[in-house]
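K.L.:
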Amino acid sequence: MDIVTISVPTVVNSFPFESIQLTYGEVAVYWIPLDTKRHHDRILTTLIGYPASIKDFEFLVNYSNGTCSLYQAGSINSAYRKIN
């Protein structure tokens with residue numbers, strides 16, 4: 311099994327971190343909120359699974375200041391491409 315850690319900043323352009331959500335596939339039918347931990351100026355979450363099971367997941371990081379939101383997207387598969 312592999313361990314994949316998603317690490318994002320606590321603040322982006324003065325927008326504080328709000329959540330990380332996980333989805334699967336081209337069209338996001340569902341979003342699963344992920345448990346996070348703060349480590350200094352980073353927000354961390356970890357996924358554990360077999361590569362074939364988790365590499366196609368995508369995630370969305372939400373930052374919000376209460377009146378405006380900023381979203382950043384990423385894929386677990388892109389992490390595998392960087393390692394291999």
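Here the sequence shown is numbered in the working numbering, starting from 311 and rising by one per residue. Think of the CB as a built atom: it goes at the ideal place given N, C-alpha and C, for glycine as much as any other residue. The model shown is predicted, which means the values in this text are computed figures rather than measured ones.
Got a sec? Which residues, its chain only, sit under 8 Å from Gln382 by beta carbon, not counting five neighbours each side?
P.N.:
Counting only Cβ-Cβ distances below 8 Å, and skipping sequence neighbours, we find Val318, Val322, Leu370, Val371, Tyr373.
K.L.:
For Ile358, count neighbouring C-beta atoms within 10 Å of its own C-beta (all shown protein chains included) and say buried if the count is 16 or more, exposed if not.
P.N.:
It is exposed - the Cβ of Ile358 has fewer than 16 other Cβ atoms within 10 Å.
K.L.:
For the beta strand (DSSP E) holding Ser385, just list the boundary residues, first then last.
P.N.:
That run of the beta strand (DSSP E) goes 379 to 385.
K.L.:
Using DSSP bridges, identify the partner residues of Glu368.
P.N.:
Glu368 pairs with Thr333, Ser385.
K.L.:
Among the candidates Arg352, Met311, Ala338, Pro326, whose CA atom is the shortest distance from the CA of Thr377?
P.N.:
Considering only alpha carbons, the answer is Pro326.
K.L.:
Just reading off the beta strand (DSSP E) that Asp312 is part of, what are its end residues?
P.N.:
Unbroken beta strand (DSSP E) run through Asp312: 312 to 319.
K.L.:
Between Ile313 and the rest of its own chain, which residues show a CB-CB distance below 7 Å, the 5 nearest in sequence each way excluded?
P.N.:
Only Thr356, Ile358 meet the Cβ criterion.
K.L.:
Helix, strand or coil for Ser363, going by three-state DSSP, please let me know.
P.N.:
The answer is helix: DSSP assigns Ser363 an H, G or I state.
K.L.:
Does the distance from the C-beta atom of Phe299 to that of Leu344 stay below 7 Å?
P.N.:
Outside the shown range of the chain, which is 311 to 394, sits residue 299, and nothing can be said about it.
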